[in-house]
Ligand code: UDP
Ligand code: MG
């Protein structure tokens, strides 16, 4: 199951034998988009790749779809040798699907592995250029980056931009605004990503965390070709929070700092109040303001506990060491 770790070289294309590319495609309720995806690849990807001497295999990961996605995949894989699939026993999420796909892809010992969404929001016509770039050997990952968010709900775009702006300050690796999971990677890059077996996954962060050099391909946003997004606003918020908690303990540091400063101020205020009471007596005035401070402090403590609890819940999920996914069916690839 391990990747062929052959070093990535930069020979001229003419001098090479055919190279292989496995394209991992996570799918959740995509029965209408799978045929469109394959058609678009046939039109825009296969001839340019063939001209470069690169042979693609499509590895679909059915992430517990509730529609007819699995049947569509069975039909296509039955008819085509270059299509394989895995099907999960239930919906484990796109992160698990990408991990499973990359892990299974590595059993082919490919020269390159790619990740692409099924809904054509990752334009297939970019793939040949991405493969051409990685073949030059100057980087281990070529990733696509949206430079616009047209068609996306404005509130979602706003929060996404805030998230990337915040992450820029709290993580010490590159996390690019508009970065997609859409990437072409060398075996050693995939191997590094797979070595991060954590349960709470945030692949865009992991791609940055493992390092190596990356080239970016910019493109304007494309809307989904059919079907609906599987991500609700709250699911995305949760994903963003997972991203923060997975890569930085800065919120805990801020809490500790805030606690230290408030304790210091409270101690000074206490000394002041005691001294004043000793010198001038103790009138009962100030009860409302006192209550406000007590309630505010209670609220801040609850917030602090909530943040700590959030980290704790992630540790809890990690220490259980459950598998990231369960495969119910596989075709053309080891699960
Ligand atoms: N996806 C998945 N599991 C999920 C949700 C999504 O495998 O639980 C897949 C989905 O089929 C698509 C890709 O991940 O190929 C991106 O999902 P989607 O288009 O719903 O997200 P968006 O583009 O709106 O961020
Ligand atoms: Mg999409």
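Residue numbers (this note's numbering): 4 to 338. Where a beta carbon is used, it is the ideal one built from N, C-alpha and C, also for glycine.
Going by the CB atoms, is the gap between residue 152 and residue 236 shorter than 8 Å? The residue labelled residue 236 in the question sits at position 233 within the chain shown. The residue labelled residue 152 in the question sits at position 149 within the chain shown. The answer is no: Cβ separation not under 8 Å.
Run through DSSP, which three-state label would residue 229 get? Along the chain shown, read from residue 1 onward, the residue named residue 229 stands at position 226. The answer is coil: DSSP assigns residue 229 none of H, G, I, E or B.
For residue 247, count the other beta carbons within 10 Å of its own beta carbon; 16 or more makes it buried, fewer makes it exposed. Which is it? As a first step, residue 247 is located in the chain shown; it is residue number 244 there, counting from the start. It is buried - the Cβ of residue 247 has at least 16 other Cβ atoms within 10 Å.
Give a single yes or no on whether residue 232 has its beta carbon closer than 7 Å to a heavy atom of ligand 2. Your numbering for residue 232 matches position 229 in the chain shown. Checking every heavy atom of ligand 2 against the Cβ of residue 232, one is found closer than 7 Å.
Nearest-angstrom Cβ-Cβ length linking residue 210 and residue 228, presumed shorter than 8 Å: Numbered from 1 along the chain shown, position 207 holds the residue referred to as residue 210. Numbered from 1 along the chain shown, position 225 holds the residue referred to as residue 228. With a Cβ gap of about 25 Å, residue 210 and residue 228 do not count as contacting.
With a Cβ-Cβ cutoff of 8 Å, do residue 191 and residue 143 count as a contact? Counting from 1 along the chain shown, the entry for residue 191 is found at position 188. Counting from 1 along the chain shown, the entry for residue 143 is found at position 140. Their beta carbons are under 8 Å apart, which means residue 191 touches residue 143 by this criterion.
Since residue 133 is in the alpha helix (DSSP H), which residue starts that stretch and which ends it? Here residue 133 corresponds to residue number 130 of the chain shown, with the count starting at 1. Taken as a continuous stretch (DSSP letters only), the alpha helix (DSSP H) holding residue 133 covers 130 to 138.
Contact check, residue 68 vs residue 33 under 8 Å by CB: the rounded distance? Locating residue 68 in the chain shown gives position 65, counting from the first residue. Locating residue 33 in the chain shown gives position 30, counting from the first residue. About 7 Å separates the CB atoms of residue 68 and residue 33; that is less than 8 Å, so the two are in contact.
Among the residues of its own chain, which have a CB less than 6 Å from the CB of residue 170, if the five just before and after it don't count? On the chain shown, residue 170 is found 167 positions in, with the first residue counted as 1. Closer than 6 Å at Cβ, skipping near neighbours: 178.
Our contact map puts residue 62 next to residue 26 with C-beta atoms below 8 Å; I'd like the distance itself, whole angstroms only. The count along the chain shown starts at 1 and reaches residue 62 at position 59. The count along the chain shown starts at 1 and reaches residue 26 at position 23. Approximately 7 Å separates the beta-carbon atoms of residue 62 and residue 26; this is inside 8 Å, confirming the contact.
Taking 6 Å as the limit between beta carbons, can you name the residues of its chain near residue 130, skipping five residues before and five after? Here residue 130 refers to the residue found at position 127 when the chain shown is read from its first residue. These residues qualify, in order along the chain: 48.
Could you check how far apart the C-beta atoms of residue 117 and residue 213 are, in whole angstroms? I think they sit under 8 Å. On the chain shown, position 114 is the one that residue 117 refers to. On the chain shown, position 210 is the one that residue 213 refers to. So it is not a contact: roughly 16 Å between Cβ atoms.
Give me, in chain order, the residues of the same chain whose beta-carbon lies closer than 6 Å to that of residue 321; leave out the 5 immediate sequence neighbours on both sides. Counting from one through the chain shown, the residue named residue 321 turns up at place 318. Answer for residue 321: 202, listed in chain order.
Option nearest residue 331 by Cα separation, candidates 89, 145, 314 and 57: Mapped onto the chain shown, residue 331 falls at position 328. Residue 89 holds the alpha-carbon nearest to the alpha-carbon of residue 331 among 89, 145, 314 and 57.
Pull up the DSSP beta-bridge partners for residue 30, would you. To locate residue 30, count along the chain shown from 1; it is residue 27. In the DSSP output, where bridge partners are listed per residue, residue 30 has 65.
Is the distance from the Cβ of residue 336 to the Cβ of residue 91 below 8 Å? In the chain shown, the residue the question calls residue 336 occupies position 333. In the chain shown, the residue the question calls residue 91 occupies position 88. Remark: C-beta atoms of residue 336 and residue 91 do not approach each other more closely than 8 Å.
Below 8 Å on the Cβ atoms is my contact criterion, and I expect residue 24 with residue 102 to pass it. Report the Cβ-Cβ distance as a whole number of Å. Walking along the chain shown from the start, residue 24 turns up at place 21. Walking along the chain shown from the start, residue 102 turns up at place 99. Between residue 102 and residue 24 the Cβ distance is about 19 Å, and since that is not below 8 Å, they are no contact.
Given the structure, does residue 227 come close to ligand 2, in the sense that its CB is under 7 Å from one of the ligand's heavy atoms? On the chain shown, position 224 is the one that residue 227 refers to. It does: the Cβ of residue 227 is within 7 Å (strictly closer) of some heavy atom of ligand 2.
Throw me the rounded Cβ distance for the residue 112 and residue 66 pair, which I believe falls under 8 Å. Working through the chain shown from its first residue, we reach residue 112 at position 109. Working through the chain shown from its first residue, we reach residue 66 at position 63. At roughly 25 Å, the Cβ-Cβ gap does not stay under 8 Å, so residue 112 and residue 66 are not in contact.
Is it true that the stretch 71 to 78 meets the stretch 52 to 62, where meeting means three or more beta-carbon pairs spaced less than 8 Å apart? no
Between the Cα of residue 245 and the Cα atoms of 215, 108, 272 and 205, which residue gives the shortest distance? Residue 245 sits at position 242 when you count from the first residue of the chain shown. Distances from the CA of residue 245 to each of 215, 108, 272 and 205 were compared; the closest alpha carbon is that of 205.
Residue 336 - DSSP class collapsed to helix/strand/coil: Stepping through the chain shown from its first residue, residue 336 is reached at position 333. DSSP places residue 336 in the coil class of the three-state scheme, outside both helix and strand.
Could you tell me if the beta carbon of residue 34 falls within a distance shorter than 7 Å of some heavy atom in ligand 2? Within the chain shown, residue 34 is the residue found at index 31, counting from 1. Checking the Cβ of residue 34 against ligand 2 gives no.
Within 7 Å: the Cβ of residue 120 and any heavy atom of ligand 2? Counted from its first residue, the chain shown places residue 120 at position 117. Yes, Cβ of residue 120 sits closer than 7 Å to a heavy atom of ligand 2.
Tell me where the beta strand (DSSP E) around residue 219 begins and ends. As a first step, residue 219 must be located in the chain shown, where it is residue number 216. Residues 217 to 222.
Identity of the residue in 181, 126, 87 and 119 nearest residue 107 by Cα: One-based indexing of the chain shown puts residue 107 at position 104. Ranking the options by Cα distance to residue 107, first place goes to 87.
What residue does the alpha helix (DSSP H) around residue 202 start on, and which one ends it? Residue numbering aside, residue 202 sits at position 199 when the chain shown is read from its first letter. Counting along the chain, residue 202 falls outside any alpha helix (DSSP H), and DSSP gives it neither H nor E.
Here's the rule: buried if 16 or more other CB atoms are within 10 angstroms of the residue's CB, otherwise exposed. What is residue 31? On the chain shown, position 28 is the one that residue 31 refers to. That one is buried.
Rounded to the nearest angstrom, what separates residue 342 and residue 314 at their Cα positions? No statement about residue 342 is possible, as the shown extent of the chain runs from 4 to 338 and does not include it.
Is residue 66 near ligand 1 - that is, is its Cβ less than 7 Å away from at least one heavy atom of it? The residue you call residue 66 lines up with position 63 of the chain shown. Within the cutoff, so yes.
Please confirm whether residue 147 and residue 120 have their CB atoms less than 8 Å apart. Here residue 147 is taken as the residue at index 144 of the chain shown, counted from 1. Here residue 120 is taken as the residue at index 117 of the chain shown, counted from 1. Going by C-beta atoms, residue 147 is not nearer than 8 Å to residue 120.
Close-in-space but distant-in-sequence residues of the same chain around residue 172 (CB under 7 Å, 5 per side omitted): Taking the first residue of the chain shown as 1, we reach residue 172 at position 169. Nothing listed; no residue qualifies.
Less than 8 Å separating the beta-carbons of residue 218 and residue 136? Counting from 1 along the chain shown, the entry for residue 218 is found at position 215. Counting from 1 along the chain shown, the entry for residue 136 is found at position 133. Yes, the Cβ-Cβ distance between residue 218 and residue 136 is below 8 Å.
For residue 58, which three-state DSSP category applies? To locate residue 58, count along the chain shown from 1; it is residue 55. Reduced to three states, the DSSP call for residue 58 is strand.
Between 216, 264, 28 and 239, which lies nearest to residue 185 when the distance is taken from Cα to Cα? Within the chain shown, residue 185 is the residue found at index 182, counting from 1. Of the candidates 216, 264, 28 and 239, the one whose C-alpha sits nearest the C-alpha of residue 185 is 28.
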